[in-house]
Every structure is written in C-alpha cells, then in structure tokens.
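Report on one structure; see the data block that follows.
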Amino acid sequence: MTELRPLDSGFMELEDSDRHISLGIGAVAIISGAPPSRSELSGVVAKGVQRNARLRQKVRRAPLDLATPVWEDDPNFDLAHHIRWTALPAPGDEGALCELVATELEERLDRDHPLWQCVVVEHLAADRWALLVKAHHSLVDGVSGISVFRSFCDAVAEEPNDPVTEPPNRTEVRRPDLVRELSRLPVVVPRSVVAMTRGLAPLLSAVVSPATECSLNGPIGRQRRYVVARAALSDVHEIGAVFGVTVNDVVLAAVAAAYRELLVGRDERPSPDKLRILVPISMRSEQAKYTLDNRVSAVLPFLPIEVADPVERLRAIRERMNRHKSGGEAQAEKSVLALAGLLPFAPLAWSLRLLARFPQRTVGALVTNVPGPREQLTVRGRVVSELLPAMPIAMRLRTAVAVLSYAGHLTFGITGDYDTAPDIAVLAEGIEREIRRLRERAGIRRASRPEEIRP
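For the sequence shown, numbering that gives the first Met the number 0 begins at 0 and goes up steadily by one.
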C-alpha cells in the first residue's frame, strides 16, 4: 500500500464537495483505420496495465478520514470494468465526437475500482476510430496522464529505456514515520521559510483580492460542452523565435485574445483586472515522468485581455509570466505541499472539505499546457493521427483550456459548463485566428490553416 500525496487526496476532497463535478482527465486519440477486435484491444490494455501496478489499485479511505488514504491492490480487479465500446451516429463528424467527450467528462469514475477507464469509439468519419483514456485527477496530472495512454500504444524506439518498463513498484515508497519527520521540522522549516513566504505573498494576495466580477466565474451545472482548436507547432515556434518569447507565451497570448473576443461578445468590458487564470506548472523530474500522481504547482496571472494589439498582448504575456516565475510562487507552493505531507491527514482533509464549500471568486479560468509525445504513436499498428486533451471544470470555473503537443501539432481542448458557457466555440475560433494574426505580424509568409492541420 502507498499513501496518497496531499494534492492527490485534495482532488478527492474537491470532488466530494460538489455533486456537479467529475474530476476525470481525458486524452482522446484519433486513430486511422478500423479498430482492433475486442480481444485484441483487451490484450493491448492488459499489457499496459501489467506494466503499471497503480492501474490495478483502488483508493481505500479511513473512517472519518482519520488516516491518509492509501492505494491498495484491488483483489477483484477485472479489466472488463475499465473498457467500454460505443459508436458515433452518422456522419460521425467532429461535432458528434465532441458531444461524446463532453458526456464522458460529466461521468464520475467508480471509486469501488481503480480510477481509470478506456472508451473505444467506432464509426468516426474518414475511416477512423477513437480511444478515449480517462483517469481521475487524484491518479494523474497532465504529464502522467499521457504516460497512461502511451502504455497502451505500440513500443517506440526509445521505449526500452523508459522508466515505465521498470518494475512497477520501484518508485513507490511509503511516507516515513510521522514522528521522525516532525522532528526534522525545526531544521527544515527555517531554512526555507523566507523564500517560501516571499513566493507565497503574490498567491495569498490573489486569493484575498477577488478579480472584477466576470461571467466566467460562478456556479456550474452537471452537463458539459467540449470544442477543439488546432495549430501547427512549427508556426508557434516561429512566432516565438521572431518575438523572443516561449511557446507557452504564444499559447497564452492566443488564449487571451480568444477570451477577449468571448467577453466582448457578452458585452463585458475586458479590463486589466477582469480575468485571472490558473496556470499549472509541472514540478515533475525526468526520473518521475511515468509515476502516476500529481506533481504540479501553479501561478495566477491576469490575462492582458485589455490589450487590443496582438504583438503588444504577446509582450504583456511574456512580462507577466516572467514576473510570476521569478517571484518564486510555484516553488513556494511546492514547499507548502511538501510540508502538508508531514502533517496529520485528518485536519487537512476536514479543512480542505470546508474550504471547498466556500465560493472562490479569484480565478476565472484554467489554462494548462502539457508536452506530449514528439514521435507518432501507433496502436496495434494503426496510426494515432491526433491527440485531443480533455480537462474537467470545478471551483466555479465555467471554462478550462487544455493544450497538448503531439507529433508537430498543438491541440486545444476547451471544456465549458453547458448552461453558462454555450459560446465556447468562440474560444476555439479566437485561438486559431490569433495564431494566424501573429504569423502575419511576424512576417512569416505562409500561415497554416486549421483545415490543413487536421489529419
């Protein structure tokens, strides 16, 4: 048995606090050709499960949460619980697929079993099928979630040296004795408390200083919407090179432009203090790339939606993200999570449960950028032409944008609350439009169009 890390168990508490939310993270693989037979697909999944013990474990919680939840082997593990088959109605287009993904994001994973599921989707247009892999946020973050999907793919050239092929429990270590860890606090805490306090100051300020009222923050229902935007990764790299910014800066600038259009379309003024977003920062080392848990921190920048010019907006993004990174916010939050792991679980769980019931009015959206496989993957010899990320929404966030790179492409999976975000297609269109504008402003001759990017 292995204890859940504080952030992992925190996602459980968050889901328990709101009956409207499901915290399953998804990746949708669009695959060429006909799907394999049921027995072939079961064999593919079984091989991946055999290589990662966590996929055969479920969560056991103590009465009243008096002890930390643990991952324990499911004595009745049955692969059939985790594979479902479905099909799209004719014509099997992207709209129908997005509706199916939205429905899957609504459904909670069964806690009586390991917290993941595969859904095979047949009858996609153009002789294709899809494989949706969904796992609970307590089990994976964006990076480790992609590693789950990769474990169901055919071997690639570098895979023999990948940590995922190591014995499954090698990286699993129980938390050291509580008394011994508490005895170290007088030595560990003073050494980092100054840096931690300095880094947490902006985060604490953001929490106690709500943003201007915005239609993006508010109660959410149970149903979801889902749409997709696309860009060529080479376009984004070229834009970044011309303007001296990172790929993530270009991504956030495109998202900022899209949210500006959305709010203007809702007759809301795009003011400087209108839209603060949550941007997860991966704290995962290369050695832990395939370990199934959450290793993220976050920063809370305001998107410069008040800036109308695309290049000025991009520069504003670069300056704000550099300021947040240099301020040490992500490292400070990581330190707090590390200290939380040394404290008794019961009061932490009760506090999280209580806090989750208070409406947060600070953040308006989540934007996460996950690096995916650079090489093209296959499943039983069938080419994975595209990977679409799918993120849940919670904590009054009515929209979320997940960005995933794969084999030279960027895909933006946009999730929205069904009732309060009926216009999220504006975000997808705005993202693609802004990347074209930035290409033009960068003087790059030929702008890739979304229909040319789609496999």
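Here a beta-carbon is modelled for each residue, glycine too, at the ideal position from N, C-alpha and C.
C152 by DSSP, collapsed to three states: which one? Start at 1 with the first residue of the sequence shown, and residue 152 comes out as number 153. Note: C152 maps to coil in three-state DSSP.
Using DSSP with H/G/I as helix, E/B as strand and the rest coil, what is K324? Taking the sequence shown and counting its residues from 1, one reaches residue 324 at position 325. Correct three-state label for K324: helix.
Three-state class that DSSP yields for I145 in the structure shown: Taking the sequence shown and counting its residues from 1, one reaches residue 145 at position 146. Correct three-state label for I145: helix.
Taking R223 as part of the beta strand (DSSP E), name the residues at either end of that continuous run. The residue you call residue 223 lines up with position 224 of the sequence shown. Here the beta strand (DSSP E) through R223 covers 223–231.
Residues sharing a beta bridge with Q116, DSSP: Position 117 of the sequence shown, counted from the first residue, corresponds to residue 116. In the DSSP output, where bridge partners are listed per residue, Q116 has K133.
Counted within 10 angstroms of its Cβ, other Cβ atoms place D102 as buried (16 or more) or exposed: As a position in the sequence shown, residue 102 is number 103, starting the count at 1. Here the sequence assigns Thr to residue 102, which means Asp is not the residue at that position. Exposed.
Quick one: Cα of P74 to Cα of V119, how far? Position 75 of the sequence shown, counted from the start, is the residue given in the question as residue 74. Position 120 of the sequence shown, counted from the start, is the residue given in the question as residue 119. Approximately 26 Å, taken between the alpha carbons.
Can you list, in chain order, the residues of its chain whose CB lies under 7 Å from that of H19, leaving out five sequence neighbours each side? Locating residue 19 in the sequence shown gives position 20, where the first residue counts as 1. Closer than 7 Å at Cβ, skipping near neighbours: I219, G220, R221.
As assigned by DSSP and simplified to three states, the class of D416: For the purposes of this step, residue 416 is taken as the residue at position 417 of the sequence shown. Note: D416 maps to strand in three-state DSSP.
Could you say which of H122, L108, R50, H112 lies nearest to C152 if we only look at CA atoms? Translated into positions along the sequence shown, residue 152 becomes position 153. Measuring from the Cα of C152, the nearest candidate turns out to be R50.
Under a three-way DSSP split, which group does D272 fall into? Numbered from its first residue, the sequence shown carries residue 272 at position 273. DSSP places D272 in coil when its eight states are reduced to three.
Endpoints, alpha helix (DSSP H) assigned at Q519: Residue 519 is absent from the model: the chain starts at 0 and stops at 454.
What residues in its chain sit with their C-beta under 8 Å from that of G239, if we drop five residues either side in the sequence? For the purposes of this step, residue 239 is taken as the residue at position 240 of the sequence shown. Within the same chain, G239 has close Cβ partners T245, V246, D248, V249.
Should R224 and E105 be called a contact, given that it needs their Cβ atoms to be closer than 7 Å? Position 225 of the sequence shown holds residue 224. Position 106 of the sequence shown holds residue 105. No.
What are the residues that DSSP puts in a beta bridge with N216? Looking up residue 216 in the sequence shown gives position 217. N216 pairs with L396.
Taking the alpha-carbon positions, what's the V382 to Q375 distance? The residue labelled residue 382 in the question sits at position 383 within the sequence shown. The residue labelled residue 375 in the question sits at position 376 within the sequence shown. About 7 Å.
Alpha carbon to alpha carbon, how far is C97 from V226? Indexing the sequence shown from 1 puts residue 97 at position 98. Indexing the sequence shown from 1 puts residue 226 at position 227. Looking at the two C-alpha atoms, the distance is approximately 6 Å.
Determine whether the beta carbon atoms of A45 and L78 lie at a separation below 7 Å. Stepping through the sequence shown from its first residue, residue 45 is reached at position 46. Stepping through the sequence shown from its first residue, residue 78 is reached at position 79. In contact: A45 and L78 (Cβ atoms closer than 7 Å).
Using 7 Å as the threshold, is the C-beta distance between A125 and D92 below it? Here the question's residue 125 lines up with position 126 in the sequence shown. Here the question's residue 92 lines up with position 93 in the sequence shown. Contact flag unset, no.
Taking Cβ to Cβ, would you say T414 is nearer than 7 Å to I392? As a position in the sequence shown, residue 414 is number 415, starting the count at 1. As a position in the sequence shown, residue 392 is number 393, starting the count at 1. Closer than 7 Å, so yes.
Between R435 and D234, what straight-line distance do the alpha-carbon atoms span, to the nearest angstrom? As a position in the sequence shown, residue 435 is number 436, starting the count at 1. As a position in the sequence shown, residue 234 is number 235, starting the count at 1. C-alpha separation (whole angstroms): 9 Å.
From E212 to I304, what does the alpha carbon distance come to, in whole angstroms? Translated into the one-based positions of the sequence shown, residue 212 becomes position 213. Translated into the one-based positions of the sequence shown, residue 304 becomes position 305. Those two C-alpha atoms are separated by around 14 Å.
In this structure, what does DSSP give as the bridge partners for N368? Counting from one through the sequence shown, the residue named residue 368 turns up at place 369. Its beta-bridge partners are V402.
What's the call for R317, buried or exposed, on a 16-neighbour Cβ count within 10 Å? The residue you call residue 317 lines up with position 318 of the sequence shown. Flag for R317 reads buried.
Closest by C-alpha distance to P473, when choosing among D418, H122, H80, R59: The question about residue 473 has no answer here: the residues shown for the chain are numbered 0 through 454.
So what does L409 bridge to, in DSSP terms? Taking the first residue of the sequence shown as position 1, residue 409 is located at position 410. DSSP output for L409 lists A230, S404 as bridge partner(s).
S384 and S31 closer than 7 Å at C-beta: As a first step, residue 384 must be located in the sequence shown, where it is residue number 385. As a first step, residue 31 must be located in the sequence shown, where it is residue number 32. Their beta carbons are under 7 Å apart, which means S384 touches S31 by this criterion.
Quick check: what's the CA-CA separation for D422 versus L261? Locating residue 422 in the sequence shown gives position 423, counting from the first residue. Locating residue 261 in the sequence shown gives position 262, counting from the first residue. If you take the alpha carbons of D422 and L261, they lie about 8 Å apart.
According to DSSP, residues forming a beta bridge with E121: Locating residue 121 in the sequence shown gives position 122, where the first residue counts as 1. DSSP, once it has assigned bridges, lists A86 as partnering E121.
Exposure label - K333; buried when at least 16 CB within 10 Å: Here residue 333 refers to the residue found at position 334 when the sequence shown is read from its first residue. Model confidence at K333 stands at a pLDDT of 48, short of 50, so the residue's coordinates are unreliable and nothing is read from them.
If we ignore side chains and look at the alpha-carbon of each, how far apart do I24 and E237 end up? For the purposes of this step, residue 24 is taken as the residue at position 25 of the sequence shown. For the purposes of this step, residue 237 is taken as the residue at position 238 of the sequence shown. Each residue's Cα considered, the two are about 30 Å apart.
Taking E385 as part of the beta strand (DSSP E), name the residues at either end of that continuous run. Position 386 of the sequence shown, counted from the first residue, corresponds to residue 385. Here the beta strand (DSSP E) through E385 covers 381–389.
Might you give, ordered along the chain, the residues of its own chain that have their beta carbon closer than 7 Å to the beta carbon of V187, omitting 5 neighbours on each side? Start at 1 with the first residue of the sequence shown, and residue 187 comes out as number 188. Its pLDDT being 43, under 50, V187 is placed unreliably by the model, and the measurement read from it follows with that caveat. Non-local C-beta neighbours of V187 in its own chain, meaning closer than 7 Å and more than five positions away in sequence, are absent.
Let me know if A364 comes out buried or exposed under the rule of 16 or more other beta-carbons within 10 Å of its beta-carbon. The residue you call residue 364 lines up with position 365 of the sequence shown. A364 comes out buried.
Considering just the uninterrupted stretch of the alpha helix (DSSP H) at D15, what are its terminal residues? Residue numbering aside, residue 15 sits at position 16 when the sequence shown is read from its first letter. It spans 5–15 - the alpha helix (DSSP H) in which D15 sits, taken as one unbroken run.
Let me confirm a value: L65 is counted as buried when at least 16 other C-beta atoms fall within 10 Å, else exposed. Which label applies? Mapped onto the sequence shown, residue 65 falls at position 66. L65 is exposed by the Cβ-count criterion.
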